[in-house]
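Heads up: the sequence shown begins at 12 in my numbering, then just goes up one per residue. Note that the Cβ used here is the ideal one computed from N, Cα and C, for glycine as well.
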Amino acid sequence: MTQASTLQQQIQEAEAIVNELRKKLDEERKGERMQAIASAKELIKTHGLTAADLGFLGKGSSVKRPANDKRGVVAAKYQDHESGKTWTGRGKSPAWLAAQLAAGYTKDDFLIKS
């Protein structure tokens, strides 16, 4: 056997050992994760915690702004005469306004007169 083939065989054996150790590490991490999940569920159940208590607010949830937030509330600028829905004129225009614009109306037709 040549020295190159001996080295190649030793490399393969070392790689096999590394792969086996990685598998063991992954299994150990999965076990730890499962324990952590079980512990968290027990604590949530024991203390009656909700997702909001833990800071997990889902899509569409109402998030209150901090008291020191300097942004002001913007008054509505446009109003749908049929439904009473309003829009400030900021951001993407609402569906009701887009439909009215497609029907031939202008934004000025929906201005709220003060």
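- Query: Taking the runs of the beta strand (DSSP E) that are 3 residues or longer, which of them lie wholly in the stretch 17-71?
  - Reply: none
- Query: If you draw a straight line from the alpha carbon of A51 to that of E43, how long is it in whole angstroms?
  - Reply: 12 Å
- Message: Let's see if you can read the secondary structure: which residues bound the alpha helix (DSSP H) around A78?
- Response: Segment: none, A78 is in no alpha helix (DSSP H) and carries neither H nor E.
- Task: Please report how far the alpha carbon of Q19 lies from the alpha carbon of I28, in whole angstroms.
- Result: 14 Å
- Report yes if the CB atom of A110 is closer than 8 Å to the CB atom of T97, and no otherwise. no
- Contact under 8 Å by Cβ, Y116 with G100: no
- Rounded to whole angstroms, what's the CA-CA distance from G95 to E38? Just pull it up for me. 59 Å
- What number of angstroms, rounded off, separates the C-alpha of D64 from the C-alpha of M45? 22 Å
- Task: Just the C-alpha distance for D120 and K103, rounded to the nearest angstrom, thanks.
- Result: 18 Å
- How big is the Cα-Cα spacing for S125 and A113? 26 Å
- Task: Whole angstroms is fine: what's the gap from N30's alpha carbon to E24's?
- Result: 10 Å
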